[in-house]
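Chemist: Please see the structure below; I have some questions.
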Amino acid sequence: MATASCGSDCGGAVDMAIPLMIFSPWVVWLIATVWAIVRLVRKQPAVWVMLLGLGMATVIYVAANIMLFTGVG
Numbered sequence: 269m270a271t272a273s274c275g276s277d278c279g280g281a282v283d284m285a286i287p288l289m290i291f292s293p294w295v296v297w298l299i300a301t302v303w304a305i306v307r308l309v310r311k312q313p314a315v316w317v318m319l320l321g322l323g324m325a326t327v328i329y330v331a332a333n334i335m336l337f338t339g340v341g
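Following my numbering, the numbering of the sequence shown begins with 269 at its first residue and continues without gaps.
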C-alpha cells in the first residue's frame with residue numbers, strides 16, 4: 269500500500285526496493301544454509317553462519333524498506 273500514492277510511476281528506487289525486499293532474505297538464507305551445510309560436513313562450527321545470515325537478511329530488508337519509503341516520499 270506504500271506505492272498506492274504514486275500511481276503507476278514510482279521511480280527507480282521503488283522499482284528496485286520492492287524486488288529487493290521480496291527476494292533478498294530468501295537468497296541470503298539459501299547462501300547461509302549451503303555454507304552452513306558445507307561447514308557441518310567438514311565438521312566445523314556452523315551456528316555463527318546462520319546468525320550472520322539472519323543479521324544480513326535483516327539489514328538488507330530494513331535498508332530496502334527505507335529505500336522504498338524514501339522513494340515514495
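All C-beta atoms, glycine included, are put in the ideal place defined by N, C-alpha and C. Please read these numbers as outputs of a predicted model, since none were measured by experiment.
(1) Considering only residues of the same chain and omitting the five flanking positions on each side of Pro293, which have a CB-CB separation below 6 Å?
(2) Going by beta-carbon coordinates alone, are Val282 and Leu336 separated by less than 7 Å?
(3) Just the C-alpha distance for Trp303 and Thr338, rounded to the nearest angstrom, thanks.
(4) Use the C-beta contact count for Val317: other C-beta atoms within 10 angstroms, 16 or more gives buried, fewer gives exposed.
(5) Can you tell me the Cβ-Cβ gap for Asn333 and Met289, rounded? I've got them flagged as a contact below 8 Å.
Modeler: Straight from the coordinates:
(1) Ala325 and Tyr329
(2) yes
(3) 34 Å
(4) buried
(5) 6 Å
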